[in-house]
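A short worksheet on the structure shown next.
There are 4 protein chains.
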Amino acid sequence: MDRSYVVKIDCKDEKGLVYKISETLYKDDVNIIANREFVDLHTGKFFFRAEIEGDINPGGLKKELIERLPENSNVNISKRKRKNIVLMCTKESHALGDILIKHYSGELNADILAVVSNYDILKPLVEKFDIPYFCVSHEGLDRDEHEKRILEVLSGFDIDYIVLAKYMRILTPQFVKEYENRIINIHHSFLPAFIGANPYKQAYNRGVKIIGATAHIVTDNLDEGPIIAQDIIRVDHTYGWKDMQLAGRNVEKTVLSNALTLAIEDKIFINDNKTIIF
Amino acid sequence: MDRSYVVKIDCKDEKGLVYKISETLYKDDVNIIANREFVDLHTGKFFFRAEIEGDINPGGLKKELIERLPENSNVNISKRKRKNIVLMCTKESHALGDILIKHYSGELNADILAVVSNYDILKPLVEKFDIPYFCVSHEGLDRDEHEKRILEVLSGFDIDYIVLAKYMRILTPQFVKEYENRIINIHHSFLPAFIGANPYKQAYNRGVKIIGATAHIVTDNLDEGPIIAQDIIRVDHTYGWKDMQLAGRNVEKTVLSNALTLAIEDKIFINDNKTIIF
Amino acid sequence: MDRSYVVKIDCKDEKGLVYKISETLYKDDVNIIANREFVDLHTGKFFFRAEIEGDINPGGLKKELIERLPENSNVNISKRKRKNIVLMCTKESHALGDILIKHYSGELNADILAVVSNYDILKPLVEKFDIPYFCVSHEGLDRDEHEKRILEVLSGFDIDYIVLAKYMRILTPQFVKEYENRIINIHHSFLPAFIGANPYKQAYNRGVKIIGATAHIVTDNLDEGPIIAQDIIRVDHTYGWKDMQLAGRNVEKTVLSNALTLAIEDKIFINDNKTIIF
Amino acid sequence: MDRSYVVKIDCKDEKGLVYKISETLYKDDVNIIANREFVDLHTGKFFFRAEIEGDINPGGLKKELIERLPENSNVNISKRKRKNIVLMCTKESHALGDILIKHYSGELNADILAVVSNYDILKPLVEKFDIPYFCVSHEGLDRDEHEKRILEVLSGFDIDYIVLAKYMRILTPQFVKEYENRIINIHHSFLPAFIGANPYKQAYNRGVKIIGATAHIVTDNLDEGPIIAQDIIRVDHTYGWKDMQLAGRNVEKTVLSNALTLAIEDKIFINDNKTIIF
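First to last, the protein sequences are chains S, Z, E and W. Under our numbering, the first sequence has 136 at position 69, and the numbering climbs by one with no breaks. Under our numbering, the second sequence has 199 at position 132, and the numbering climbs by one with no breaks. Under our numbering, the third sequence has 158 at position 91, and the numbering climbs by one with no breaks. Under our numbering, the fourth sequence has 256 at position 189, and the numbering climbs by one with no breaks.
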C-alpha cells in the first residue's frame, strides 16, 4: 500500500470534471485502480472518489487539482493506511465486543488506540485485548466538564474515527465539531419509530414484525445525522420485549461493523444530511 | 376440504386449557391436523388455533367448548373454504395488479367479488379479469355520504376480507366497525418514520438506506392498527425519490400479498393492538 | 430523453483510459450525467459506462473513442430509449404476469412486442393486455424444427431482450447465438443445489430453510450463464414441497423483474461468465 | 427456572395425542407455559414440545406419558438449565470469537466448558476468557488416533452440545455417534453449490450475487446433516474472492450463533434428515 492513496473530491458540478481530474492524474503518471463519481442532480454537487497508485506528492497533486476545479472544491488526498480508531461505550458489550473480535481476527484495517467509557464495567473485557481503557465517570460532573475530561483523554491520540459502540450519553455540539464527520453512532430503529423511554417496550406493545438498526455520522441533531448503513431482523409475537432487545443487539452490532468498515476504507461522503457510499 | 374446519379460540389463560380443548375434540372424534397455541404472559390471554377434520357439527362443538372454557371465551369454528374478498383502490395499480395476477394464477384461495374505487382509472385493468368494478366517486360528497355509497355497494356481497390495495382515503370509525378486524391495509414505512406530505421525498432527503412496507388490520387509528407483516428493500444514494417510490411499490405489493394469504388461511389473531400469526 | 445516450466500453486496461474517454466526451461537448468504471484486476479488463447528453453523433463519437482506446475495444453507444422485449413462457403465469402488470402500470421502460409459448395456456392472460401471443407447439417437432419456427416468429420483431419467464425448454446454441447476451432466464436455486427431477421435492426432503432464485444471461451452458441477480425467501418445516414451490414463485418473479429492469437500463456488462452491474 | 422443564415427544401420529399428553400433564398438576406440535403428513410422525412448570418428577411423568403414547415413542423431559457446550476450532477466529463474546455478554444460556483445536493458534484468544483450551495436534497421527485423543479430552466433560466453530477436519462416524445429534457445524453455502477446493474462488469465478451459510447437525454425511438455520449476504462484482470470504465469515458467525441459541433452548427436533424448529 506504500504508494496507494485515496482521492476524494466534492465540488459544484460542471461539464468536464472527470476529464479535468483524470487528465491531471494521467499527466502526473498516476494509476487509477478504481474510481466512482456521482452527481446529485438536486443540489448540483459532484462527488468523486479514486484509489490511485504511483509516486505521488499529495500536496502538489491537490494543488494541481484545485486549480482546475471550480471554486470552493474540497479535495482530499490521503494515504491508504490502517486507520486509528477510538471506541466509546457505556455498559453494553455486544457492539464493542464484535469490533474487538474483528480487530483481533485481523478483519479491520484499523488499530484500536483506546476505549473510553463513562463506566468501568467493560474494562475487563477491553483489557483482555491489551487495549487501553479510560474510565471517565460522569458522576458529579456537568456535561461540559465531563466532556472536557474525555476530550483531554482523546487529545492524546491521533484519531481517524471515533466509534460510539453503545455510548449512551448525548454529545455536545462542541464535541461533535472537534471530530466533525468522524464520529459514528449506532442506534436501534423501528417501523414505526418510537420516541421516549424504552423503545423496545413500545415496539413490543405495537407488535412490530421487524427491528432495525441505523449507523450514522454524529451531528448536532441527536440520532439524525447522515445514515451510513441500515439493516433489520425479523421478530414475531413470541418475542417479549427483552427478546426483541436481544435480537436488536445482533443487528446493531452487524450494522455498526459494516459502517465502520466503510469509514475505514474511505468510502463515505457526506452530502448535506445524507451519505454517498462508494 | 369438505370436512375441514379451523377452530380459533382466545380466552383468559388458566391451567388445563389445552387438555380441555383437545379432550373435547377427541371425544367428538375430531382429527387435529395442526394446532398452535400461545400464551401472552403480559396480558394472561390464551390463543389457540387448530385445523381439524371430521364429521363436525360446528354449532354443537362450539357450545361444548364454551362450556369448558373460562367465561367470555371467544370460540370461532369456520369451514376451511375459499374466502370472499373485495379490493379497494384509488389510482395506483401495483398492489391491485399483483393480487389480480395471483388470483388469476390460482395462487390465492379466495374469490375476488368486486373492486371498489373512488376513481375509474383502474377499471380497464380490473375488467380484463372479468371482475366487477364499482367506481364510487367522492367528488362533491362529504366523507359520510361517500362511505354510505360504498357501503351500499359492499352490502351486496358476503365479504370475508376487504383489502385496501392503495385506497388513499381515510375510513371512518363507522365503516371500520362494519368490517371490524376484516380490513387489511398496506402502507410504506421508513426508519425513521416521516410524517406529513410526500414521505418519499422526506426519506430521500434523509438519505435512508432501506424502505419498508407494513400491512396491518385497519382500526380507528389511521395506519396504527395491528401489524400483520412487514418487510424492507434496500436503496442507496443513486435513488432519487421517484426511484424510492418505485422500490417501495415492490415491497408494498409483496407484503400486502403475504398478509392477505395469512388472512385467507385464518392464521391471524388480534391481541389488543398486536397480531399473533400462527 | 431525446439527446440522451448510454456509452458502454470494455477493453484491455491501461493507464489513462478514463482520461482519454472523458477528454473525448468533453471536447465533443458531451455532458456526462453519470458514469462508473471497474477494472477486473484478475483479467486486466476495463469496463466503463456513462449516461451522456448532448448533440451527439453516435457513429462519429464511437470512431473517435476507438481511435484512442486499446486495440479490440468494444464501444457501444445507444440512445436511451424504451426497449423492445419479447417474453417466452410455457405454462406458469407468475413471472409472466408480474411483468405484464408492471408493463401495464408503466413501471417498465419497455414495450412488450409479443409473447411466445410452446403452449396456448397463457394466451387468454396475455391477450387481456392486447399483446400478440404466438403459440408455437413443440408437439411432433424435433428441437431444431421447433426453434426454427420460433425464430421465424421472432424475426418479425426488432428485439432488445428476450425474457424467459419460465420457458421450460432448453435453447440450442444456435438460438442463443442469434440473441447473444440478450436472453434473460430465471430459475430456482437452492443451498445446497439439487440436480435432477423435481428440485422442490428434493429441497423439501433436505429440509432447506431458504429458497432462492437466480436470474442470468442465457449461454450454451444450461442455467450456468452470467448471474444478473439473486435473492432468497425463508421457509420452514411447516412448508410442504408445494408450499415451497409457491414461495419459490414469489422470489422468482421478483428476481426476474429486477434483472429485466437492469437490462432495460443498460446496466449489465458481461465479463467472461460473470456480470458487472453498474 | 427451578421448576421449569422442557418436554419433547416424537412418535407415530394418531388421533388424540394432544389430548392424551395434555391430560397427563393436567392431572399431574403441571402448568404448560408454551407448547407447539407438528405432524409430518408425509411420514405420519408427530412432534410435540412444551415448556412446563410445576413440582415435577421427570422419571414418573415420562413413564406416564409413554404408557399413553404409541409404541416406540420418544419422550424426553429435561430441566430447563444452562447448557454445557464445548467448542472445536482450527485456525479461524470469527465464529469462535462471536460465541466467546456472546457468552461473555451473558447472551448465551450456556457455559463454555472448553475449546478443543488441532492447532494452538487460537489459544491466546480463548484463554483471555479463562476458558480451558486443549490443543490436540493431528500431526503424525492417523484420523482414528487423533480423534481418540480428542474424545479423551471431551470425556472429562458433561457436554450438551459440541459446536464446530470452523473445525476443519472431518469427523468419523464413531465420533459422530458418540455425540449423536449434539454436534453443530457451520459451513458456507452458495447458489449454485461448488464442490472441491477453494469454493470462494469458484464462487468468485461464477460471479454469484449472494453468499450463504448453513448451520446443521453433524451426521455421517459430511455437510449433509439436518439443517438448523441458513442465511445469506449480498455481494457484487467489486468483491474479490477474499472479500467474498470476509463477507462469508460474517454470515457464518451469525448463522452459527442463531443455531446454537436454538439448540440451547431445546427448540430443535430431528425428523429424518430434516429439522423441526419450534
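C-beta: ideal position from N, C-alpha, C; glycine also.
Environment of residue i [buried if 16+ CB atoms lie within 10 Å]
i, result
"A264/W", "exposed"
"S324/S", "buried"
"R70/W", "exposed"
"N252/W", "buried"
"I237/W", "exposed"
"R149/E", "exposed"
"G111/E", "exposed"
"I99/S", "buried"
"E90/Z", "buried"
"S256/E", "buried"
"Q38/W", "This structure cannot settle anything about residue 38/W, because the visible part of chain W is limited to 68 through 345."
"K94/Z", "exposed"
"D333/E", "buried"
"D225/E", "exposed"
"G207/E", "exposed"
Distance, residue j Cα to residue i Cα
i, j, result
"G223/E", "H283/E", "25 Å"
"L132/S", "D96/E", "21 Å"
"K276/S", "Y200/E", "42 Å"
"G121/W", "I343/Z", "27 Å"
"S184/Z", "L231/W", "58 Å"
"D227/E", "F113/S", "32 Å"
"V322/E", "I294/E", "11 Å"
"C156/E", "F196/E", "16 Å"
"V182/W", "L128/Z", "57 Å"
"Y267/Z", "I300/Z", "14 Å"
"D298/Z", "G279/Z", "6 Å"
"N151/Z", "R216/Z", "20 Å"
"D211/S", "E219/S", "12 Å"
"I179/S", "G173/S", "12 Å"
"K87/Z", "K233/W", "48 Å"
Residue i, DSSP secondary structure in three states
i, result
"N325/Z", "helix"
"D95/E", "coil"
"Y86/W", "helix"
"G279/Z", "strand"
"V230/W", "strand"
"H254/E", "strand"
"I300/S", "strand"
"F242/E", "helix"
"S160/S", "coil"
"M311/S", "helix"
"A177/E", "strand"
"A270/Z", "helix"
"A330/Z", "helix"
Minimum Cβ-Cβ distance from residue i to chain C less than 8 Å
i, result
"Y72/Z", "In summary, chain C is missing from the structure at hand, where the protein chains are S, Z, E and W."
Q) At a cut of 8 Å, does the segment 164-178 of chain W reach the segment 158-165 of chain S through at least three beta carbon pairs? A) yes
Q.
Under 9 Å, CB to CB, which of the residues in the segment 74-89 of chain S have a partner in chain E?
A. K82, G83, L84, V85, Y86, K87, I88, S89
Q) Can you list, in chain order, the residues of the segment 165-177 of chain W whose Cβ is nearer than 7 Å to any Cβ on chain S? A) D165, I168, Y171, S172, E174
Q) the segment 174-205 of chain E: which residues have C-beta closer than 8 Å to a C-beta of chain Z, in chain order? A) E174, L192, K195, F196
Q.
Taking beta-carbon pairs under 7 Å, can you tell me which members of the segment 295-310 of chain W lie near chain Z?
A. none
Q | Residues of the segment 325-337 of chain E with Cβ closer than 9 Å to any Cβ of chain S, in chain order | A | none
**Q.** Three or more C-beta pairs below 8 Å linking the segment 75-83 of chain W and the segment 134-141 of chain W
**A.** yes
Q) What residues in the segment 253-279 of chain E have a beta carbon less than 8 Å from any beta carbon of chain W? A) S256, F257, L258, P259, A260, N272, R273, G274, V275, K276, I277, G279
Q: Give a yes or no on contact between the segment 302-321 of chain E and the segment 79-90 of chain E, applying the rule of three or more CB pairs nearer than 8 Å.
A: no
Q) For the segment 103-124 of chain S, which residues have a beta carbon sitting closer than 9 Å to at least one beta carbon of chain E? A) R103, E104, F105, V106, L108, A117
Q: Output, in sequence order along the chain, the residues in the segment 226-238 of chain W whose CB is closer than 8 Å to any CB in chain S.
A: none
Q) Using a Cβ cut-off of 8 Å, which residues of the segment 207-227 of chain Z contact any Cβ in chain E, in chain order? A) none
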